[in-house]
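Residue numbers (the numbering used here): 1 to 125. For every residue, glycine included, the Cβ atom is placed at its ideal position computed from N, Cα and C. Computed from a predicted structure; not experimentally measured.
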Amino acid sequence: MKISSIIKPNFHTINVNDTINQALDLMDKLNVNGMPVVDNKEKLVGMVVKADIYRFMVHPGHYVSCPVEWVMSKSVILAQPDEEIIAVSKRLRENDIIAMPVVEDERIVGVINIEDLLDYFLKVE
């Protein structure tokens, strides 16, 4: 089965210039642990997750007013909509990440996360 069959069409991004506080507020509101980071032209430039923000905030002098760019991963692991669910699942696990953007023709078409995959595999059982 293809990953496109389980990605949710409603996903959110955060701008690279938004603050860490804005990212945390949005992730809490949406009940997600990570989201793609885009530039002003909506081009994917990174991925931010709560755990990275919390690790950053532990150090003195790091504030929630800092830009998302300071904590985001710039080397983003991607999925394509036509990939098999099992291949994407393995990639998440092998890279020890919780979510990844699904991209087609350099455009984000969704986000796949561990919770989505668990839900899928639990239904298959």
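query                                                                                                                            : result
Exposed unless 16 or more other CB atoms sit within 10 angstroms - verdict on Val124                                             : exposed
Sufficient close CB pairs (3 or more, under 8 Å) joining the stretch 114 to 121 to the stretch 64 to 84                          : no
Cutoff 8 Å; reference Cys66; Cβ partners in own chain excluding five residues on either side                                     : Thr19, Ile20 and Phe56
Beta-carbon gap between Val16 and Val68 smaller than 7 Å                                                                         : yes
Residue environment, Gly110, which counts as buried when at least 16 other CB atoms sit within 10 Å                              : buried
Contacts around Ile77, its chain only, beta-carbon distance under 7 Å, and the 5 residues preceding and following it disregarded : Arg91, Asn95, Ile97 and Met100
Bridge-paired residues (DSSP) for Leu122                                                                                         : DSSP, once it has assigned bridges, lists no residue as partnering Leu122.
Ordered list of alpha helix (DSSP H) runs contained in the stretch 16 to 73, each at least 4 residues                            : 20 to 30 and 50 to 57
Same chain, Cβ closer than 8 Å to Met27, five either side skipped, listed in chain order                                         : Asn33, Gly34, Met35 and Lys50
C-beta contact flag for Lys108 and Leu44 at 7 Å                                                                                  : The question names Lys, but residue 108 in the sequence shown is Ile. Cβ atoms of Ile108 and Leu44: closer than 7 Å.
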